[in-house]
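**Student:**
There are 2 protein chains.
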Amino acid sequence: MAEATKAPARSGATRDPERTRARVLAAARKAFARNGLAGARVDAIAEASGANKRMIYYYFTDKEGLFLAVLEEIYAELCAASDALDLIAPPEKALTRYIDFIWTYYLNNPETVTILNSENLHGGRHLRRSGKMRQLEKPFVDKLTGLIERGVAAGVFRPGLDAVTVHITVVALAYFFLANNTTLSIFFDQDLSSPSAQRAWRRHIHESVRAILLA
Amino acid sequence: MAEATKAPARSGATRDPERTRARVLAAARKAFARNGLAGARVDAIAEASGANKRMIYYYFTDKEGLFLAVLEEIYAELCAASDALDLIAPPEKALTRYIDFIWTYYLNNPETVTILNSENLHGGRHLRRSGKMRQLEKPFVDKLTGLIERGVAAGVFRPGLDAVTVHITVVALAYFFLANNTTLSIFFDQDLSSPSAQRAWRRHIHESVRAILLA
DNA sequence: GCAATTTGTAACTATTTAGTTAGTTAATGG
DNA sequence: CCATTAACTAACTAAATAGTTACAAATTGC
Chain Z
3 MAEATKAPAR SGATRDPERT RARVLAAARK AFARNGLAGA RVDAIAEASG ANKRMIYYYF
63 TDKEGLFLAV LEEIYAELCA ASDALDLIAP PEKALTRYID FIWTYYLNNP ETVTILNSEN
123 LHGGRHLRRS GKMRQLEKPF VDKLTGLIER GVAAGVFRPG LDAVTVHITV VALAYFFLAN
183 NTTLSIFFDQ DLSSPSAQRA WRRHIHESVR AILLA
Chain U
3 MAEATKAPAR SGATRDPERT RARVLAAARK AFARNGLAGA RVDAIAEASG ANKRMIYYYF
63 TDKEGLFLAV LEEIYAELCA ASDALDLIAP PEKALTRYID FIWTYYLNNP ETVTILNSEN
123 LHGGRHLRRS GKMRQLEKPF VDKLTGLIER GVAAGVFRPG LDAVTVHITV VALAYFFLAN
183 NTTLSIFFDQ DLSSPSAQRA WRRHIHESVR AILLA
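Protein chains in written order, with this note's numbering: chain Z, 3 to 217; chain U, 3 to 217.
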């Protein structure tokens, strides 16, 4: 709502802070995803985004502020995608849709995976400071809780499993396979990055979560 | 075999390359686990280990060589612990023992977790170069394959699941929960690092893997 | 016991890095 | 239409960083 009044979206404008900010964030996301917080270079981000380095400090205070802004953007995207997920369907069908959503999301957003790993390396110290993080995930947990309750009521799912536990289980199976794909491929001497290996694992997640959840 | 003849283990010796190397590796492991490859400082590792910085380059060529040496040490420890695991027991009991081993290992070796994450961030480029990695994991996979086959033959486990798939499943559930504990705690607004949360998750892994594997 | 080699040290360097200074150009509001 | 503010730039700096140079002392092989 504030966008239209504050930034009148001039096309080809010589100055467009909104776009500059967005371009810096996009370049920063790539850089942090590839090299981590310490490995990413502010000079490189400035050059890649076409912004002057001074503007990065103008908008984001310092490197850690930029990293936090990237984290917040990533998190907002994840929540927006989660909110768009429709789980109003018969329990088994909704479960399938939910699992596919998680798998597809992390498969298509590898930067999210590596940046979240980086934040964990640093003990979550950026997210913890952020004001924007509180309870954005709650509507999604409520939606999943609703699905599980409907499934239990219908006698399809077994009782005793809460939404957060189920969710961490599904994310663990998807995220770990993708985040640690290279070391797993080396250790077990097989290419787990191939489309066929990915299909097989996606199928395995479906079967496993069904085995865990079905009555 | 070479140790006894080459390094006669003099206690309190003024020079002891074996110990210097070991101390550098220990300090490097801590530094890489805390700050990642780019974030770790060679000067800090030298100071923490009591070794002169020049010796680090003398033994490990460069920072990446040191990182690789840490990776190889971590991997060798993991394989040694895996080899010591006894799975000769009735299938269900052996399965419980195996799951406990994986959970406990990653719980007690958080540095292994973060360093493996770092190696994945860098696309496995250090491990891939290493000559020491090939097939060290094989005896363990064979042992697990044996367990699964015995379970299937006894009608306790369902057929169609290979050892690597089962193993990645168990490690995913343990490793992901531990590696991403802080962001998960923030996102879902609950302390997943507490002993009770850890006990609950360990129990959940047991129940889930049993659900996946039991006939 | 001495020449060669291994292990160790202190001080140095060339670059890179995050972060600044000091200013210019464009938009905006009265 | 001008004063004020927001957006932007180029060049700079102080500190940190990976990697070296040039030696010295201990150990080992002969």
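Glycine included, each C-beta is placed from N, C-alpha and C at the ideal position.
1. Is leucine 89(U) near arginine 99(U), with beta carbons less than 8 Å apart?
2. Which value, in whole angstroms, describes the spacing of the CA atoms of cysteine 81(Z) and tyrosine 61(U)?
3. Assess, as a yes-or-no matter, whether the region 128 to 148 of chain U is touched by the region 164 to 172 of chain U under the definition of 3 or more beta carbon pairs within less than 8 Å.
4. Spatial neighbours of alanine 96(U) within its chain, please: C-beta separation below 6 Å, excluding the five flanking residues on both sides.
5. How do the region 195 to 204 of chain U and the region 15 to 28 of chain U stand: do at least 3 beta-carbon pairs fall below 8 Å, yes or no?
6. Using Cβ-Cβ distances below 7 Å, what residues of the region 114 to 142 of chain U are close to chain Z?
7. Could you please tell me which residues of the region 170 to 190 of chain U, in chain order, have their CB closer than 9 Å to any CB of chain Z?
8. Give a yes or no on whether the C-beta atoms belonging to asparagine 119(Z) and alanine 181(Z) are separated by under 8 Å.
9. Any contact of the region 69 to 83 of chain U with the region 66 to 74 of chain Z, i.e. 3+ C-beta pairs under 8 Å?
10. Only counting the same chain, and skipping five residues up and downstream in sequence, which positions put a Cβ closer than 8 Å to that of proline 112(U)?
11. What does the Cβ neighbour count give for glycine 133(Z), buried or exposed, with the cut at 16 atoms within 10 Å?
12. Counting C-beta neighbours from all protein chains within 10 Å, is the total for alanine 30(Z) 16 or more, i.e. buried, or is it exposed?
13. Select from the region 193 to 215 of chain Z all residues with a C-beta closer than 7 Å to any C-beta belonging to chain U, and list them in chain order.
14. Bridge partners of phenylalanine 159(U), per DSSP?
15. Please name the residue, chosen from Ala46(U), Lys32(U), Ile58(U), that lies closest to proline 19(U) on a Cα-to-Cα basis.
16. Could you spell out the range, first to last residue, of the alpha helix (DSSP H) harbouring leucine 80(U)?
17. In chain order, what residues of the same chain have a beta carbon less than 8 Å from the beta carbon of glutamine 192(Z), not counting five sequence neighbours either side?
18. Is the beta carbon of glycine 41(Z) closer than 8 Å to that of glycine 38(U)?
19. Measuring only the C-alpha atoms, how far is alanine 11(U) from asparagine 54(U)?
20. So is valine 166(U) in contact with chain Z if we call contact Cβ pairs under 8 Å?
21. Can you list the alpha helix (DSSP H) stretches of 4 or more residues lying completely in the region 99 to 185 of chain U, in chain order?
22. Where glycine 52(U) and threonine 22(U) are concerned, what is the direct C-alpha to C-alpha distance, given to the nearest angstrom?
23. Cβ of proline 93(Z) within 8 Å of Cβ of alanine 156(Z)?
24. Asparagine 37(U) lies in the alpha helix (DSSP H); which residues open and close that run?
25. Kindly indicate which three-state DSSP category phenylalanine 190(U) falls into: helix, strand or coil?
26. Mapping the DSSP letters down to three states, classify proline 197(Z) as helix, strand or coil.
27. Can you list, in chain order, the residues of its chain with a C-beta nearer than 7 Å to that of tyrosine 177(U)? Leave out the 5 residues immediately preceding and following it.
28. In whole angstroms, give me the CA-to-CA distance for valine 154(Z) and methionine 135(Z).
29. Return the residues of the region 28 to 57 of chain Z that lie within a Cβ-Cβ distance of less than 9 Å from chain U, sorted by chain order.
30. Go ahead and label alanine 33(U) buried or exposed: buried means 16 or more other beta carbons lie within 10 angstroms of its beta carbon, across all protein chains shown.
31. Going by other Cβ atoms of all chains shown within 10 Å of its Cβ, with 16 needed for buried, is glutamate 139(U) buried or exposed?
32. So, with DSSP's three-state summary, where would you put leucine 97(U)?
33. Which class does alanine 91(U) belong to by DSSP, given the choice of helix, strand or coil?
34. If I follow the unbroken alpha helix (DSSP H) through alanine 48(U), where does it start and stop?
**Tutor:** Short version:
1. Here residue 89(U) refers to the residue found at position 87 of the second sequence. Here residue 99(U) refers to the residue found at position 97 of the second sequence. Contact: yes.
2. In the first sequence, the residue the question calls residue 81(Z) occupies position 79. In the second sequence, the residue the question calls residue 61(U) occupies position 59. Whole-angstrom Cα-Cα distance: 48 Å.
3. yes
4. Walking along the second sequence from the start, residue 96(U) turns up at place 94. Taken in chain order, the residues that qualify are Leu89, Leu149.
5. no
6. Thr116, Leu118, Asn119, Glu121, Asn122, Leu123, Gly125, Gly126, Leu129, Arg130, Met135, Gln137, Glu139
7. Ile170, Thr171, Val173, Ala174, Leu175, Ala176, Tyr177, Phe178, Phe179, Ala181, Asn182, Asn183, Thr184, Thr185, Leu186, Ser187, Ile188, Phe189, Phe190
8. In the first sequence, residue 119(Z) corresponds to position 117, counting from 1. In the first sequence, residue 181(Z) corresponds to position 179, counting from 1. The answer is yes: Cβ separation under 8 Å.
9. no
10. The count along the second sequence starts at 1 and reaches residue 112(U) at position 110. If we look at proline 112(U) and ignore the five residues flanking it on each side, its Cβ neighbours are Ala35, Leu180.
11. Residue mapping note: residue 133(Z) aligns to position 131 of the first sequence, counting from 1. Answer is exposed; the Cβ neighbour count stays below 16.
12. Within the first sequence, residue 30(Z) is the residue found at index 28, counting from 1. Result: buried.
13. His206, Ser210, Ala213, Ile214
14. To locate residue 159(U), count along the second sequence from 1; it is residue 157. Partner(s): Leu216(U).
15. To locate residue 19(U), count along the second sequence from 1; it is residue 17. Of the listed residues, the one whose Cα sits closest to proline 19(U) is Ile58(U).
16. As a position in the second sequence, residue 80(U) is number 78, starting the count at 1. Note, leucine 80(U): alpha helix (DSSP H), 65 to 86.
17. One-based indexing of the first sequence puts residue 192(Z) at position 190. Ala199, listed in sequence order.
18. Locating residue 38(U) in the second sequence gives position 36, counting from the first residue. Locating residue 41(Z) in the first sequence gives position 39, counting from the first residue. Cβ distance < 8 Å, so glycine 38(U) and glycine 41(Z) count as in contact.
19. Counting from 1 along the second sequence, the entry for residue 11(U) is found at position 9. Counting from 1 along the second sequence, the entry for residue 54(U) is found at position 52. With a pLDDT of 38 at alanine 11(U), under the threshold of 50, the modelled position of that residue is not reliable, and the figure given next carries that caveat. Distance between the alpha carbons of alanine 11(U) and asparagine 54(U): 21 Å.
20. By one-based count along the second sequence, residue 166(U) stands at place 164. Yes - at least one Cβ of chain Z is within 8 Å of the one on valine 166(U).
21. 112 to 123, 127 to 131, 140 to 155, 165 to 181
22. Position 50 of the second sequence, counted from the first residue, corresponds to residue 52(U). Position 20 of the second sequence, counted from the first residue, corresponds to residue 22(U). About 8 Å.
23. Position 91 of the first sequence, counting from 1, holds the residue named residue 93(Z). Position 154 of the first sequence, counting from 1, holds the residue named residue 156(Z). Yes, the Cβ-Cβ distance between proline 93(Z) and alanine 156(Z) is below 8 Å.
24. Here residue 37(U) refers to the residue found at position 35 of the second sequence. Note, asparagine 37(U): alpha helix (DSSP H), 19 to 41.
25. Counted from its first residue, the second sequence places residue 190(U) at position 188. Three-state DSSP puts phenylalanine 190(U) in coil, outside helix and strand.
26. Locating residue 197(Z) in the first sequence gives position 195, where the first residue counts as 1. Reduced to three states, the DSSP call for proline 197(Z) is helix.
27. Counted from its first residue, the second sequence places residue 177(U) at position 175. Excluding positions up to five away in sequence, the list reads Tyr108, Val115.
28. On the first sequence, position 152 is the one that residue 154(Z) refers to. On the first sequence, position 133 is the one that residue 135(Z) refers to. Each residue's Cα considered, the two are about 31 Å apart.
29. Ala35, Arg36, Asn37, Gly38, Leu39, Ala40, Gly41, Ala42
30. Translated into positions along the second sequence, residue 33(U) becomes position 31. With 16 or more Cβ atoms within 10 Å of its Cβ, alanine 33(U) is classed as buried.
31. Numbered from 1 along the second sequence, position 137 holds the residue referred to as residue 139(U). Label assigned to glutamate 139(U): buried.
32. Locating residue 97(U) in the second sequence gives position 95, where the first residue counts as 1. Here leucine 97(U) sits in helix by DSSP.
33. The residue given as residue 91(U) occupies position 89 in the second sequence. Coil.
34. For the purposes of this step, residue 48(U) is taken as residue 46 along the second sequence, with counting starting at 1. 44 to 51 is the extent of the alpha helix (DSSP H) around alanine 48(U).
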